[in-house]
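Residue numbers (the UniProt record's numbering), protein chains in the order written: chain F, 1 to 192; chain L, 1 to 192.
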């Protein structure tokens, strides 16, 4: 998606250690008009698929998923939680993932009543790199018996293995920008 | 806002310990059509105020704020973070708050470059009870020298002191549903 690639080139910054910062428009400050265009693009890419619900993970996925849902007929958005809470009673699907950006392990929790066997799910997240978060969501989907119709990603780090592994496993992964290489020294970002 | 009150009566549940669960439509599963209507209602209530940016706090505020932003001319949404991350470099405004639902203390962090002195800010959050989270955001706003134009809340627990204290301090607080009393035994919820 050219608009997202242009924005990453313009406002994204590359930091040492394979860190791509897009916090000016994607995951700390949010450009909701861009999010709306991203939602429209996923709706085009997943046209013909029936989607009952969007599943994402807190926190950065939520805004993107909520703006995208409008383009899928205002389907409900469920976001997986990363902390236990007194609001989370009842039965839960739970797994654990390691977060690269937070550099620690987190639980990934969804209340069982919000994922019903047979529902058709679109998974959405802001980043796909090694795929740890997405595989956590897929594991919960497997436990719930829902049908994964596709995976919508804003920014995929194409030089890490997460996207390839998911496509090899048969999932339709639609990443709106795939970074093929980036260089913290020169600040250059190349797209696939 | 009648639509939100009706929805709370229909799908909300009261739990012992003053817990109002609205996770079926507000803060775990999200009804984005309702969020859109909430945004329209805040735009009506804050009409005439110039808003440059919406500030909220992860995680439950994000979806609501992103859907509301559309009704304020697609202004940027900034969400305060509750965990340090390698994506959070640069200078930050930081304070600490105690979360009732998580039952522990959290940092509240906003990168300095996303709150600029003189900007007109609308604060949005899903819940207002004792006001701890909102006061954390207000503290960061004070440090940044931004102008708080108003506070938009989805559900206020009117029998707790947060809303009264904020209004006494001179803020325009627009809560779309104010719960005046609730009873875990009978499940009844009354609105102001």
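The C-beta atom is built at its ideal place from N, Cα and C for all residues, glycine as well.
In this text, all values refer to a predicted model and were calculated from it rather than measured experimentally.
8 Å Cβ cutoff, residue i in contact with chain F
i, result
"residue 28(L)", "yes"
"residue 78(L)", "yes"
"residue 145(L)", "no"
"residue 74(L)", "yes"
"residue 3(L)", "no"
"residue 270(L)", "There is no way to answer for residue 270(L), as the model of chain L reaches only from 1 to 192."
"residue 148(L)", "no"
"residue 170(L)", "no"
"residue 52(L)", "no"
"residue 153(L)", "no"
"residue 69(L)", "yes"
"residue 178(L)", "no"
Residues near residue i in its chain [Cβ-Cβ closer than 8 Å; skip 5 each side]
i, result
"residue 187(L)", "13 and 14"
"residue 67(L)", "32, 35, 36, 38 and 39"
"residue 62(L)", "56, 77 and 79"
"residue 58(L)", "79, 80, 81 and 82"
Helix, strand or coil at residue i according to DSSP, with G and I counted as helix
i, result
"residue 202(F)", "No statement about residue 202(F) is possible, as the shown extent of chain F runs from 1 to 192 and does not include it."
"residue 75(F)", "coil"
"residue 29(L)", "strand"
"residue 165(F)", "helix"
"residue 50(L)", "coil"
"residue 177(F)", "strand"
"residue 191(F)", "strand"
"residue 127(L)", "strand"
"residue 68(L)", "helix"
"residue 206(F)", "Nothing can be reported for residue 206(F), as the shown portion of chain F is limited to 1 through 192."
"residue 80(F)", "strand"
"residue 160(F)", "coil"
Proximal residues to residue i (C-beta, below 6 Å), its chain only, five neighbours per side dropped
i, result
"residue 136(F)", "95, 97 and 108"
"residue 138(F)", "none"
"residue 4(L)", "176 and 177"
"residue 90(L)", "111"
"residue 132(L)", "97 and 98"
Residue i at chain L interface by Cβ criterion, 8 Å
i, result
"residue 184(F)", "no"
"residue 66(F)", "yes"
"residue 136(F)", "no"
"residue 191(F)", "no"
"residue 7(F)", "no"
"residue 58(F)", "yes"
7 Å Cβ shell around residue i - same chain, five flanking residues per side excluded
i, result
"residue 25(F)", "7, 11, 31 and 34"
"residue 23(L)", "29"
"residue 184(L)", "14, 15 and 16"
"residue 148(F)", "121, 123, 138, 141 and 171"
Beta-bridge pairing of residue i - partner residues as DSSP gives them
i, result
"residue 97(F)", "106(F)"
> When Cβ atoms are compared, which residues of the region 32–48 of chain L fall closer than 7 Å to chain F?
Replying inline: For the region 32–48 of chain L, which is checked against every Cβ of chain F, the residues closer than 7 Å are 32, 33 and 35.
> What residues from the region 118–132 of chain F come within 8 Å of chain L, judged by C-beta to C-beta, listed N to C?
Replying inline: Cβ contacts with chain L come from no residue of the region 118–132 of chain F.
> What residues from the region 93–118 of chain L come within 7 Å of chain F, judged by C-beta to C-beta, listed N to C?
Replying inline: Within the region 93–118 of chain L, the qualifying residues are 101, 102, 103, 111 and 114.
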